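Student: Heads up, the sequence shown is in the numbering used here, so the first residue is 522 and it goes up one at a time.
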Amino acid sequence: MIAVPASPKAFDALAERIRRAADAATADMLLDRWLDYRDRATEWDAARWGFDPNRWCEPERSELMRRSRFEIGFVQLDATP
Numbered sequence: 522m523i524a525v526p527a528s529p530k531a532f533d534a535l536a537e538r539i540r541r542a543a544d545a546a547t548a549d550m551l552l553d554r555w556l557d558y559r560d561r562a563t564e565w566d567a568a569r570w571g572f573d574p575n576r577w578c579e580p581e582r583s584e585l586m587r588r589s590r591f592e593i594g595f596v597q598l599d600a601t602p
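1. What would DSSP say about Asp544, mapped onto helix, strand or coil?
2. Given this structure, state the Cα-to-Cα distance separating Phe532 from Leu585, to the nearest angstrom.
3. May I ask which residues mark the beginning and end of the alpha helix (DSSP H) holding Arg569?
4. Could you tell me the alpha carbon to alpha carbon distance between Ser589 and Ala536, rounded to whole angstroms?
5. Just reading off the alpha helix (DSSP H) that Pro526 is part of, what are its end residues?
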């Protein structure tokens, strides 16, 4: 799988925060975030690929909800009335 990095604006903002980091621990945490932005898909990627963030896994969510209705005593917190 080829990862598509986050928005260039996200990298610009993160680079500025790294430059201004007050200590090594903060800079290290921000560098970890840089790797996350580089290697993992983001909402920005999803929009570029045409995914609706509220509906992209709707079939899977519906199936999970259908299956979970057989559970006794389990309350669905995001169930619609």
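Glycine included, C-beta positions come from ideal geometry on N, C-alpha and C.
Owing to the predicted nature of the structure, the values given are computational and were not obtained by experimental measurement.
Tutor: So, from the data block:
1. coil
2. 36 Å
3. 564-570
4. 44 Å
5. Here Pro526 belongs to no alpha helix (DSSP H), and DSSP marks it neither H nor E.
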